[in-house]
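J.: Structure below; questions to follow.
Residue numbers (my numbering): 38 to 332.
Below is the structure:
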């Protein structure tokens, strides 16, 4: 065998050069992949379709005008007295109202200007006034929604917040000839002023659901003033209207003591019952749908 130094050196150079190109190619491929993936991730982050988390409800301020209006529907009625229905019945829906109750709630929106004197008197000499059925219907729908139904065959008596003929109590009877309710005012109901309010409540939460429902939560406690003897009372505070769950008892109180008591719902907040009201959006405002008491 001939030994040729030049050929051996040339062969080694060739082998060394080939390995260098292979490594370079691998490096180029790896760098390209890294750059490509990076560009894809960055582009997808900024321009890719994002998955939105659906919002199921929205908290509203308790001072929101819609919240305040809806809450007023279910709290205080004529003469500024608290409605008993919502704080006493476990659940309330449109079907829970008597015909007379529907008129009572609807007529919270009425005014004395809605009545027109007919110039006639009834058999007792009382002036007869007229209020159109269209006006009554609009007030019904404002509180109960467009689907409300009420009877025109029943005579109803309603206490209102205004005075006509020195009276705030009107008796209504439907007249098909004029499609109106004829009313006579007789009697003056005075606001009750008990030593202690029978209910203490406060609006606690307002939520608007995705289906448009307005949900209000109210916390409420109930009081029972027991007269033990002349000018000696015990004030019991309960969680529930049926007065089965006693929260606190204040014995040996005088009438003046009772008058000075200022009950605050915050002192019983966690122990209070919760009334949840549901309202739906109507033509111009929210109308009542249902309520439920949870304890």
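Glycine included, C-beta positions come from ideal geometry on N, C-alpha and C.
Since we're looking at a predicted model, the values are computed, not measured.
Under the rule that 16 or more other beta-carbon atoms within 10 Å means buried, what is residue 47, buried or exposed?
T.: Bear in mind that a pLDDT of 49 at residue 47, under 50, signals an unreliable position, so the number given afterwards is only what the model happens to contain. Flag for residue 47 reads exposed.
J.: Excluding five sequence neighbours on each side, which residues of the same chain lie with their C-beta closer than 6 Å to the C-beta of residue 130?
T.: Contacts found: 327.
J.: Residue 202 and residue 157: beta carbons closer than 9 Å?
T.: Cβ atoms of residue 202 and residue 157: not closer than 9 Å.
J.: Taking the beta carbon of residue 260 as the centre, do at least 16 other beta carbons fall within 10 Å, making it buried, or is it exposed?
T.: Answer is buried; the Cβ neighbour count reaches 16.
J.: Opposite residue 261 in the DSSP bridges: which residues?
T.: DSSP output for residue 261 lists 273 as bridge partner(s).
J.: Excluding the 5 residues preceding and the 5 following residue 154 in the sequence, name in chain order all residues of the same chain whose CB lies nearer than 7 Å to its CB.
T.: Contacts found: 164 and 166.
J.: Would the beta-carbon of residue 207 be found less than 8 Å away from any heavy atom of the ligand SAM?
T.: This structure does not include the ligand SAM; it has no bound ligands of any sort.
J.: Residue 285 lies in the beta strand (DSSP E); which residues open and close that run?
T.: 283-290 is the extent of the beta strand (DSSP E) around residue 285.
J.: By DSSP, does residue 308 sit in helix, in strand, or in coil?
T.: Reduced to three states, the DSSP call for residue 308 is coil.
J.: Just verifying my parser: in three-state terms, what is the DSSP assignment at residue 293?
T.: If DSSP states are grouped into helix, strand and coil, residue 293 belongs with the helices.
J.: For residue 149, collect the residues of the same chain with a Cβ closer than 6 Å to its Cβ; drop the 5 residues on either side in sequence, then sort them by chain order.
T.: Closer than 6 Å at the Cβ level, and outside the excluded window around residue 149, lie 199 and 201.
J.: Can the beta-carbon of residue 208 be found less than 9 Å from the beta-carbon of residue 223?
T.: Yes, Cβ-Cβ distance for residue 208 and residue 223 is below 9 Å.
J.: Could you have a look at residue 330 and say whether DSSP puts it in helix, strand or coil?
T.: Strand at residue 330.
J.: Taking all protein chains shown into account, do 16 or more other C-beta atoms lie within 10 angstroms of the C-beta of residue 161, making it buried, or fewer, making it exposed?
T.: Counting Cβ neighbours within 10 Å, residue 161 comes out exposed, since fewer than 16 surround it.
J.: Assuming the contact rule is C-beta atoms closer than 8 Å, residue 325 and residue 110 should be a hit. Round their C-beta distance to whole Å, please.
T.: Residue 325 to residue 110, Cβ: 6 Å. Contact.
J.: Assign residue 183 to one of two classes, buried (16 or more other C-beta atoms within 10 Å of its C-beta) or exposed (fewer than that).
T.: By the neighbour-count rule (16 or more Cβ atoms within 10 Å), residue 183 is not buried but exposed.
J.: Which residues mark the beginning and the end of the alpha helix (DSSP H) in which residue 110 is found?
T.: Here the alpha helix (DSSP H) through residue 110 covers 102-110.
J.: Looking at C-alpha atoms only, which residue of 140, 212, 297 and 243 is the closest neighbour of residue 99?
T.: If we check each option's Cα against that of residue 99, 243 comes out closest.
J.: To which residues of the same chain is residue 49 closer than 8 Å at the C-beta, ignoring the five residues directly before and after it?
T.: Bear in mind that a pLDDT of 48 at residue 49, under 50, signals an unreliable position, so the model cannot answer this.
J.: Could you tell me the alpha carbon to alpha carbon distance between residue 236 and residue 308, rounded to whole angstroms?
T.: The straight-line gap from Cα to Cα measures roughly 14 Å.
J.: Where DSSP assigns a beta bridge to residue 220, which residues make up the other side?
T.: Note: residue 220 sits in a beta bridge opposite 166 and 209.
J.: Could you give the DSSP three-state label for residue 116: helix, strand or coil?
T.: Correct three-state label for residue 116: helix.
J.: Please report the distance separating the alpha-carbon of residue 250 from that of residue 159.
T.: Their backbone Cα atoms lie some 46 Å apart in a straight line.
J.: Can you tell which of 303, 266 and 281 has its C-alpha closest to the C-alpha of residue 288?
T.: Among 303, 266 and 281, the Cα nearest to that of residue 288 belongs to 266.
J.: Would you call the region 285-302 and the region 311-320 touching, i.e. three or more CB-CB distances under 8 Å?
T.: The region 285-302, when compared against the region 311-320, does not touch it at the 8 Å Cβ threshold.
J.: Should residue 217 go down as buried or exposed, given a rule of 16 or more other Cβ atoms within 10 Å for buried?
T.: Its Cβ being crowded by 16 or more others within 10 Å, residue 217 is buried.
J.: If we cut at 9 Å on Cβ distances, does residue 177 have a partner in chain B?
T.: The question asks about chain B, but that chain is absent: this structure has only one protein chain.
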